[in-house]
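To convert, note that position 248 of the sequence shown is 237 in the numbering used here; the numbers rise steadily by one, no gaps.
Glycine is no exception: its CB is placed at the ideal position from the N, C-alpha and C atoms.
Predicted model only: the values in this text are computed from it and were never measured.
Here is the structure we will look at.
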Amino acid sequence: MRQTVVIVALFGAAGFAGASAEPATGPVPMHAEVSAYTITALLHKAKPGERPNLSGKFLVYLDLADLDFKGANLARSDFYGTDFTDANLSGVDLSHTRLDRSVLIRSNLSGANLTGATILRPTIYSDLSSKTSDAPRFSGANLSKVRVQAELSGSDFRGADLTEANFAPLEWRSGEGTLATAYRNILKYCDFSGARLHAANMQRSVLWFAKFTGADLTGADFTDADLSRADFAGADVSGANFSQANLDGASLIGVKGLHEAIGLDQSINLDRATR
């Protein structure tokens, strides 16, 4: 396997038992329950149609780059700090897993089940240039009730289920807790076309040039989000909250339920949006 140089914090959630809304703090043990070699062998030996079972395991800080997980069952496992660079995780069960501080550079999570997972402060780009080509793919994935604190600019969420997904900041002021966190999630150029974001919490997210064409945004919360140049063509925004959201250059052509949206009178640059 390749060697990926990643700087990983040594402190994060401890005592993991499925995803929690606000993880506790404390040192994460460095030793995984199963070695990367054993996992590689298990996946290699899996016959067509079999789903390798690695559910409920403590699999932290492993190098699992480039692996094809063959639709494995990874539910409720702990992958803190684990490297999934270029891994094929399409169709896998990652429900209620912890992917905090994991490395998701070019990971393929299309069609994966990430229900209730946490993705806090992952490594997404191979260098400081933040190339969108490095971003992971989540098209068709189930991300309902996922908890995210990350920069995921360029990620593909087309057709994904983000019902009640939570992209709000972990801290309302950076550095309030034991770990410094970003003031906003950065989701520039993300493609949410045809995705379901019903009741999703996107507060304060930076969504420059994001695509929401044909998406279900009913009841979504975009309070204080930066939606500059975002494309909402054909999206349903009934009950969505745009209070203090920046709509500079956003396309609202063909939007459904705009008269039922909340807080448009309190949004910023609505006069600069295209309708």
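Looking only at I94, S118, Y114, D89, the smallest Cα-Cα distance to G105 is reached by D89. Pairing S217 with L176 gives a Cβ-Cβ distance that is not under 9 Å. Within the same chain, L56 come within 7 Å of T29 by CB-CB distance, once the 5 residues on both sides are set aside. When DSSP states are grouped into helix, strand and coil, D89 belongs to the coil group. Q138 carries a strand assignment under DSSP once its states are collapsed to helix, strand and coil. Taking A184 as reference, the option from L53, G100, E249, R40 with the minimal CA-CA separation is G100.
The three-state reading of DSSP puts K200 in strand, counting E and B together. Under the three-state reduction of DSSP output, T74 falls in the coil class, being neither helix nor strand. Under the three-state reduction of DSSP output, K245 falls in the strand class. Looking at the DSSP output, D67 sits in a beta bridge with F47, R87. Beta-bridge partners of I257 (DSSP): N235. Following the DSSP letters along the chain, one finds I108 inside the beta strand (DSSP E) bounded by residues 107 to 109. One thing to note: G238 has its Cβ no nearer than 9 Å to the Cβ of A224.
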